[in-house]
Every structure is written in structure tokens, then in C-alpha cells.
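To start, the structure itself, in C-alpha cells.
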Amino acid sequence: MTVLAPQKSLVILISGRGSNLEAMLEANLPGCIACVISNQPQAEGLELARQYGVVTAVVDHRAYATRALFDVALAEEIEQHAPDLVVMAGFMRILGDDFVCRFQGRLFNIHPSLLPAFAGLNSHAKALAAGVKIHGCTVHFVTPALDCGPIVAQVAVPVLDGDDEETLAERVLVQEHRIYPLAVRWFLEGRLTLGGDGRVRLAKAGTGMAETALCSPPG
Ligand code: GRF
66 MTVLAPQKSL VILISGRGSN LEAMLEANLP GCIACVISNQ PQAEGLELAR
116 QYGVVTAVVD HRAYATRALF DVALAEEIEQ HAPDLVVMAG FMRILGDDFV
166 CRFQGRLFNI HPSLLPAFAG LNSHAKALAA GVKIHGCTVH FVTPALDCGP
216 IVAQVAVPVL DGDDEETLAE RVLVQEHRIY PLAVRWFLEG RLTLGGDGRV
266 RLAKAGTGMA ETALCSPPG
């Protein structure tokens, strides 16, 4: 008799349009999206999730007197779904240390730069101002320091003459939509390990990663 491993599940946190969420919804992930939670009641991504039949919830940060109280309410909402992984996908709130520690090792974020360069807001403007020739995006485990956790995967794109924030953001976003579902897949497949040296290792298998961008790890 074959005993099937129980399906893993994830909760996705959003604040806005949800294009990374849509990439996950379309990715046929080997796990169940248990809930999409937004801190913004009007986030377009909520409607998108509903269209895919995914349960949604709102934890509106404005309803809480302090950041800490919001963090507790958000954590409680997440825990109701007992997810293996929590995925921040355009979630625009900084979460406190207690929250991050509670979910450490099972909390992912994507940042639109090649970290550790250009952490924080306005990463595309910062890249243009610095005159870099290569920019990109990074999927990382979240730790208390902002945009600093162990790196799971990165994709690089060129910065072209004449780029402005919009054109550069668009080029990076295409890669976000490829790499984020891929990194989530790796986690759900149990292929990622976080070493004592703080570095993430990926167990080998075909990744389906196309060759059009510099990508690490290659699979
Ligand atoms: C993405 O660029 C993401 O990296 C950043 O915010 C943007 C969110 O976009 N943190 P979306 O809501 O997934 O479309």
C-alpha cells in the first residue's frame, strides 16, 4: 500500500494588485493555498484569489492601535490555517521581530533587487541612481533585519540605456513571476535546507528554469 504524504499548505500575504499571487495561483504548486490575507481591504489581489476559489481574509492594520497588536492579529489569522509556509507577495507592512521569529524558517519574501543591494523601498530608483548595469530580484527567508534573510534564489536582468523606474520594474517583475513560484515549489517539495552558516541549499532536480536570465541556484 502506498502512503501519500499529506499535502503541504501555504498562506499568502498581500497588500495590493497581487501579480505575484497570480503567478502562484497559475503555477500548479504541489501544495494548497489555504488562505490569502491582505492588510488592505481594497487590495485587488483579494478578488483575484476569490476568482480562483481561494479563501481570503482581511486584517486591516488601521484597526489596531499599535504595530505589535496588528502583528498578533495577523499571526493568529495565519495560524488558523496551520500553513507550512507563509509567503509575502507584495505585502507592504514591516513585521516586528516577535512575528518574524514565530514564523522563522517558514516565511518567504520577494524583494525587487539583488540583495543585499538596495534593500527597503524604491529599489528600482536606487539601482538607476547607482548606475548599476545588472539589477534583479531576490527570494529570501525573512529574518528580523529588513530584507536581509538567507537568500533562496535570485534572478538578474540587465539595466538598459534609457530605462526609467517603470521599464526597469516591468523587466524585474517578469522574473519575479518566474522565480517566486519556483522557490515556493522547492520549499513545498522539501528541497531547501538552511545550513548553520545561514546559507540555503537546494537539493537537485529539474527546475524548469529557462536560460534567459542569470539565475542562482540553477537547480
Ligand atoms: C513586487 O515588485 C514585489 O517585489 C514588491 O512589491 C511588488 C508587488 O507586486 N515587494 P504584486 O502585488 O505582486 O503585483
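The numbering used here numbers the first residue of the sequence shown as 66 and each following residue consecutively.
The beta-carbon is built from N, C-alpha and C at its ideal position, and this holds for glycine as well.
Residue interval of the alpha helix (DSSP H) (run including residue i)
i	result
residue 153	It is not in any alpha helix (DSSP H) - residue 153 instead sits in the beta strand (DSSP E) that spans 150-153.
residue 192	188-195
residue 110	109-116
Residue span of the beta strand (DSSP E) that contains residue i, given as start and end
i	result
residue 131	Element bounds for residue 131: n/a, residue is neither H nor E.
residue 258	257-259
residue 219	216-223
residue 201	199-206
CA nearest to the CA of residue i, picked from the options
i	options	result
residue 150	268, 80, 94	94
residue 201	243, 107, 139, 84	243
residue 199	169, 159, 111, 233	233
residue 155	78, 221, 269, 72	78
residue 136	120, 112, 103	103
residue 203	197, 192, 221	221
residue 88	71, 70, 110	110
residue 193	206, 208, 153, 177	177
residue 126	80, 166, 215	80
residue 153	84, 224, 266	84
residue 235	133, 189, 158	189
residue 219	128, 187, 195, 174	174
Which of helix, strand or coil DSSP assigns to residue i
i	result
residue 85	helix
residue 265	strand
residue 166	helix
residue 176	strand
residue 246	helix
residue 270	coil
residue 96	strand
residue 75	strand
residue 126	helix
residue 70	coil
residue 156	coil
residue 276	In this predicted model, residue 276 has a pLDDT of only 44, less than 50, meaning its place in the structure is not dependable; the value taken from the coordinates is given anyway. Reduced to three states, the DSSP call for residue 276 is coil.
residue 119	coil
Assigned exposure category for residue i - 16 Cβ within 10 Å defines buried
i	result
residue 114	buried
residue 117	exposed
residue 148	buried
residue 258	exposed
residue 107	exposed
residue 241	buried
residue 71	exposed
residue 100	buried
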